[in-house]
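Same order as they appear, the protein sequences are chains A and B.
For the first sequence, my numbering assigns the number 4 to the initial residue and increments by one for each residue that follows.
For the second sequence, my numbering assigns the number 4 to the initial residue and increments by one for each residue that follows.
I have placed the structure first, in the form of structure tokens, so that the comments after it can refer back to it.
Protein chains: 2
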Amino acid sequence: MKHPKKKRVTLQEVAKHAGVSTATASLVVRNNPRISDKTRKIVMNSMKELGYVYDRVAANLRSQSSNTVGVIITDISNKFISEFLVGVHETLEEVGYTVLLGTSFDSLAKQDHLLSTMLEHRVGGLILDPVSGSNAETVNRLNQMNTPMVLAVRELPEVKSDYVGINYRKGSLMATNHLIDKGHKRIAFLGGVRTSSTWIERMDGYQYAHDNAGLIIDNNLVVDSPPTREGGLEAVLQVLRNPDPPTAIFCFNDLVAFGVMQGLRKEGFNPGQDIDIVGFDNIPESDVYHPPLTTVSSFPRLTGIEAAKLLHQQMSNDSHEQQRLILEPELIVRESA
Amino acid sequence: MKHPKKKRVTLQEVAKHAGVSTATASLVVRNNPRISDKTRKIVMNSMKELGYVYDRVAANLRSQSSNTVGVIITDISNKFISEFLVGVHETLEEVGYTVLLGTSFDSLAKQDHLLSTMLEHRVGGLILDPVSGSNAETVNRLNQMNTPMVLAVRELPEVKSDYVGINYRKGSLMATNHLIDKGHKRIAFLGGVRTSSTWIERMDGYQYAHDNAGLIIDNNLVVDSPPTREGGLEAVLQVLRNPDPPTAIFCFNDLVAFGVMQGLRKEGFNPGQDIDIVGFDNIPESDVYHPPLTTVSSFPRLTGIEAAKLLHQQMSNDSHEQQRLILEPELIVRESA
DNA sequence: CTGAAAGCGCTTACAG
DNA sequence: CTGAAAGCGCTTACAG
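Have a look at this one:
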């Protein structure tokens, strides 16, 4: 876990080689304009000659600053999250931060551990896609350390923090309305973790659409599961055992929808014809599924970009008021419904 | 880019509060058995009471060690790479490393910049999925710094380093043979960057299969492109303009295959019936495509795990001989060919 | 515009 | 088993 390295060339050595003081050399590395061009060149030369590599760690320690940002996500395999990460990462690198990545694999214990590690590494800020069921307490440690943070994707009810996410409720409302408009009365809602804010919000929209249409929800048609392909597969198998199965399915996300399609085929149904399906996320592959998936587009990359921007704002402004950014989704109608 | 933080509680303060010397407190934090249980408890208490957070950065500086590892990848959106990253990340976190993530977005300049940044951050080791066209010189900077490194996914001819990757040649051979066995004589090879080792190796296998069968390759059927869905789409449109179009297509990877399918449909062909298609990678979604994709499984996650293990070995053993690990692929026959 | 000295928060010999 | 002091590689006032 530890590994001693060949001795680095230090700034002192560079300074000595260039015949200046360490302070001067330090100013040169940091491009301070107060150094004459002549001196600067001499020092730069010495750096090149000796193969000097700036030690950002020592610099950060001394100046009590940080240019690293921690990013903790739940699961890279999830396309929504990986696209989110692209947005975050791209934006953060642009502004010059280096990112410490942590994956919680949806485990609260791992997330806790990662939070600690990040703090120990003196991150200047943190972007957190929290595990469902994260408690405020865990996260408030960050506030205590005065570390800027933005929460993304999943909102934590009791946590005071910047947040950027999707208007899941509206997306779910649009999806369910679409199915109702097509004449469906028995619409299942499959997948997702019942305690997560993302599930609850989708449930809200699903409920609201039913209420509006004067329909009542059959609770046997609401089956939760991990938000994965496997989860979708299991959920649909369960719901099909129902004596009165659904005629349409609203899926927690596109991954779940794939699993659902697989399950339907396995049971002899033809997805998109016998049973309509709507997904959520509009991951890039959803339009090459079989059949192409009707889904709700939720702009993961943009979510990441905005989260990174918000964090950057927080880190550069001392007086920063809390922000909450909710992106509006869009219904993409394809062949599955 | 910099951000001053509230003053941290230091180990000195803890020591004073506990009535011991800093050295003793330090030994406690690091779980040194040489400290009596009684003293340990007192110190632990003080830490809790004061809200102490270990400063790994200061510790690493002083002890000239590092428990961070840099991971530079080309593109998170690419499912092969993101799965690879999962493997790397999971393994690295298990052994207690924290990962600094960099994405080169396939730009040589960005990769160079990231390498510098990682060195400046004193990473203890590095896993590099190099941009195609990376030159040895760039990478050898690491060797100069004596930083352990393992190359993954793409091999760099002139670079001496551990490497873990896939036997692309064999995978490509299997895929092409499969198409030849089905009676195809005009097999296109679409997508991928012509200068990358991954492309060259696939080309080798494709060539070899043709030679074996006494077939000759029509160079008009070999079209390179970025290894993305968009790239596949463009490549197939180009190859279809051919007066004598192919009857089967071997795709650089599954993403390219999706693009190819889309392109075929757009031009009125029915993928898997009019024209057979084989992909490469076996990404999780490939079996829910339309039609389910015949492809070569290349174990991205395992690749990541092995890369991380190799790096860990290098970092913990001083005498480490160079290793080259090549994973064997597998043909997955589904409906597209 | 440049230099000498102190200090960021730890760990590391060295004594005892 | 514990303590006092030096030092990792930088930056930061403070002088000049």
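C-beta atoms are modelled at their ideal positions from N, C-alpha and C, and glycine is treated no differently.
For residue i, the nearest candidate out of the options (CA to CA)
i: B:Lys-113; options: B:Ile-76, B:Asp-279, B:Met-318; result: B:Ile-76
i: B:Lys-185; options: B:His-20, B:Glu-233, B:Gly-195, B:Gln-276; result: B:Gln-276
i: B:Glu-270; options: B:Ser-80, B:Tyr-100, B:Val-242, B:Asp-290; result: B:Val-242
i: B:Gly-307; options: B:Asn-34, B:Phe-87, B:Arg-65; result: B:Phe-87
i: A:Phe-261; options: A:Pro-274, A:Ala-251, A:Leu-145, A:Thr-250; result: A:Pro-274
i: B:Val-225; options: B:Arg-157, B:Gly-195, B:Leu-296; result: B:Gly-195
i: A:Ala-191; options: A:Thr-201, A:Ser-199, A:Asn-223, A:Pro-160; result: A:Asn-223
i: A:Tyr-211; options: A:His-293, A:Tyr-171, A:Ser-119; result: A:Tyr-171
i: A:Ser-301; options: A:Lys-173, A:Glu-237, A:Thr-250, A:Gln-265; result: A:Lys-173
i: B:Phe-255; options: B:Ile-203, B:Phe-283, B:Glu-233; result: B:Phe-283
i: A:His-20; options: A:Arg-37, A:Met-50, A:Ala-26; result: A:Met-50
i: A:Ile-79; options: A:Val-102, A:Ile-335, A:Asn-143, A:Phe-108; result: A:Phe-108
i: A:His-181; options: A:Tyr-292, A:Pro-303, A:Gly-128, A:Phe-253; result: A:Phe-253
i: A:Ala-216; options: A:Asn-63, A:Lys-188, A:Ser-119; result: A:Lys-188
i: A:Val-336; options: A:Leu-314, A:Ser-289, A:Gln-325; result: A:Ser-289
i: A:Leu-117; options: B:Leu-95, B:Leu-14, B:Met-264, B:Lys-82; result: B:Leu-95
Residue(s) in a DSSP beta bridge with residue i
i: A:Lys-192; result: For clarity, residue 192 of chain A is Phe in the given sequence; the question names Lys instead. According to DSSP, A:Phe-192 bridges with A:Val-225, A:Phe-253.
i: A:Gly-343; result: The question about residue 343 of chain A has no answer here: the residues shown for chain A are numbered 4 through 340.
i: A:Arg-337; result: According to DSSP, A:Arg-337 bridges with nothing at all.
i: A:Asp-115; result: The partner list for A:Asp-115 (beta bridge, DSSP) is empty, contrary to what the question assumes.
i: B:Ala-155; result: B:Val-167
i: B:Pro-274; result: B:Ile-278
i: A:Asp-284; result: A:Ser-300
i: A:Tyr-292; result: B:Tyr-292
C-beta neighbour in chain A for residue i, strict 7 Å
i: B:Ser-85; result: yes
i: B:His-181; result: no
i: B:Ser-80; result: yes
i: B:Leu-122; result: yes
i: B:Leu-243; result: no
i: B:Arg-125; result: yes
i: B:Lys-5; result: With a pLDDT of 37 at B:Lys-5, under the threshold of 50, the predicted position of this residue should be treated as unreliable, and no value is reported.
i: B:Val-102; result: yes
i: B:Glu-288; result: yes
i: B:Lys-8; result: At B:Lys-8, the pLDDT of 42 sits below 50, so the modelled position is not reliable and the matter cannot be decided from this model.
i: B:Val-263; result: no
i: B:His-92; result: yes
i: B:His-323; result: no
i: B:Thr-106; result: yes
i: B:Ala-61; result: yes
i: B:Val-23; result: no
Cutoff 7 Å: residue i Cβ touching any chain B Cβ
i: A:Val-31; result: no
i: A:Arg-268; result: no
i: A:Val-336; result: no
i: A:Phe-253; result: no
i: A:Val-72; result: no
i: A:Leu-64; result: yes
i: A:Val-12; result: no
i: A:Tyr-211; result: no
i: A:Tyr-292; result: yes
i: A:Leu-88; result: yes
i: A:Val-56; result: yes
Boundaries of the alpha helix (DSSP H) in which residue i is found, first to last residue
i: A:Thr-306; result: 303-319
i: B:Glu-16; result: 14-21
i: A:Met-50; result: 40-53
i: A:Arg-144; result: 139-147
i: B:Val-239; result: 232-243
i: A:Thr-25; result: 25-32
For residue i, the first and last residue of its enclosing beta strand (DSSP E)
i: A:Thr-298; result: 298-300
i: A:Gly-128; result: 128-131
i: B:Arg-327; result: 327-330
Complete alpha helix (DSSP H) runs within the segment 59-112 of chain B (minimum length 4 residues, chain order): 59-66, 82-97
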